[in-house]
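One structure is given here, and the rest of the page talks about it.
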Amino acid sequence: MNITYIIGLVLALVVFCLGIMMGINIGPNAAQAAAEKGVITFEPGLMWNFFDAASIFIVIGCTVAVVVASFPGSTLGAVPKHFGIMLNAKKFDPMSYIDQLVDLAMTARKNGLLALEGKANEQSDPFFKQAIMLIVDANDPDKVRAILENDIECMSARHEDAAALYDKAGSVAPAFGMVGTLVGLINMLNNMDPTNGSSSIGKDMGTALITTLYGCILAHMIFGPIANNLRIRDSEEVLCKQIIVEGIMSIQSGENPKALREKLLTYIPQGKREEGGKSGGGE
Numbered sequence: 150m151n152i153t154y155i156i157g158l159v160l161a162l163v164v165f166c167l168g169i170m171m172g173i174n175i176g177p178n179a180a181q182a183a184a185e186k187g188v189i190t191f192e193p194g195l196m197w198n199f200f201d202a203a204s205i206f207i208v209i210g211c212t213v214a215v216v217v218a219s220f221p222g223s224t225l226g227a228v229p230k231h232f233g234i235m236l237n238a239k240k241f242d243p244m245s246y247i248d249q250l251v252d253l254a255m256t257a258r259k260n261g262l263l264a265l266e267g268k269a270n271e272q273s274d275p276f277f278k279q280a281i282m283l284i285v286d287a288n289d290p291d292k293v294r295a296i297l298e299n300d301i302e303c304m305s306a307r308h309e310d311a312a313a314l315y316d317k318a319g320s321v322a323p324a325f326g327m328v329g330t331l332v333g334l335i336n337m338l339n340n341m342d343p344t345n346g347s348s349s350i351g352k353d354m355g356t357a358l359i360t361t362l363y364g365c366i367l368a369h370m371i372f373g374p375i376a377n378n379l380r381i382r383d384s385e386e387v388l389c390k391q392i393i394v395e396g397i398m399s400i401q402s403g404e405n406p407k408a409l410r411e412k413l414l415t416y417i418p419q420g421k422r423e424e425g426g427k428s429g430g431g432e
């Protein structure tokens, strides 16, 4: 579970709500109020000042409509999958791939590349299975590398398309927040009574500005972190696949398993290299 995303989102919402309700009585003019109510006060009733059904409808409804109009159904239908990927922080483990590749190198060194076919059939990762089968079938090394690297590039492009959906939503939401503000201001001016219009202008202006607030919340609390987390998952998956490519090419060239481990460990941070290197590698 991607616990940092959950913690960050909840913390942002809590701080926002507390900021709305919080009052601080400080300064010489607030001494009496501070003595009666305390230095810090909370008024939950203030939350209702920031609720407006029409504003919510305009911002969320128009944002969703524009996103639907901007992307094909295949991308929109994958939204639930995007959340699953984003929240799964341990899906891609470079060390597990390194261990598997070293094991494959030992098998190939003892029994030849054809012995890896059984190992390929055990793989749940389609990319890993494809990579193994390419060298089992004795393809040219340059061809193997070109096929695998092209696969990685196409995958990363698809992932970027998914993140772009949330970038689009994040850019559209504040824009429709401003549109909602304009709608509110237009209604305020049209309904203004020349005799007592000034008395309601503050309330009407506040209602008009709420839509901008909703747009900023959606863009920076919801859509922005989702897009960033999807790109992080993409970089993690690309790293693992790069490790697979380098490992498979080394196995095809007959590299020593111990040397292979040392080479692949350079793809991960120094602290994890020492931990991973403890399992060693055989010849």
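Numbered continuously in the working numbering, the sequence shown closes out at residue 432. Don't be surprised by glycine CBs; every beta carbon is placed ideally from N, CA and C.
Check	Outcome
When DSSP labels each residue in this structure, what does residue 372 get in the three-state scheme?	helix
Quick one: using the 10 Å Cβ neighbour count with 16 as the cut-off for buried, is residue 193 buried or exposed?	exposed
Can you list, in chain order, the residues of its chain with a C-beta nearer than 6 Å to that of residue 283? Leave out the 5 residues immediately preceding and following it.	293
Leaving out five residues before and five after residue 370 in sequence, what residues of the same chain have Cβ atoms less than 6 Å from its Cβ?	161
What are the start and end residues of the alpha helix (DSSP H) that includes residue 239?	Per DSSP, residue 239 belongs to no alpha helix (DSSP H) and is neither H nor E.
Taking the alpha carbon of residue 250 as the reference point, which residue from 400, 316, 420 and 224 has its own alpha carbon closest?	400
Taking the straight line between their C-alpha atoms, what separation do you get for residue 305 and residue 382?	10 Å
Which one of 260, 412, 397 and 171 has the shortest CA to CA distance from residue 298?	397
Taking 8 Å as the CB-CB limit, is residue 285 close to chain C?	Absent from the structure: chain C. Only one protein chain is present.
Out of 232, 221 and 167, which has the shortest C-alpha to C-alpha gap to residue 154?	232
Using 8 Å as the threshold, is the C-beta distance between residue 151 and residue 262 below it?	no
Between the C-alpha atoms of residue 408 and residue 385, what's the straight-line distance to the nearest angstrom?	23 Å
According to DSSP, is residue 415 part of a helix, a strand, or is it coil?	coil
For the alpha helix (DSSP H) that residue 403 lies in, which residues bound it at each end?	First-last for residue 403: undefined, no H or E at that position.
Please classify residue 427 as buried or exposed, where buried requires at least 16 neighbouring CB atoms within 10 angstroms.	Confidence in residue 427 is poor, its pLDDT being 48 and thus under 50, which makes the residue's placement too unreliable to answer from.
Exposed or buried, what is residue 389 when buried is set at 16 or more other beta-carbons lying within 10 Å of its beta-carbon?	buried
Pull up the distance between the alpha-carbon of residue 247 and that of residue 394, whole angstroms please.	11 Å
Need the endpoints of the alpha helix (DSSP H) that residue 302 sits in, please.	290 to 339
DSSP state of residue 106, grouped into three classes?	For the chain, the structure presents residues 150 to 432; residue 106 sits outside this window and is missing.
How close, in whole Å, do the beta carbons of residue 368 and residue 322 come, if the pair is a contact with beta carbons under 8 Å?	5 Å
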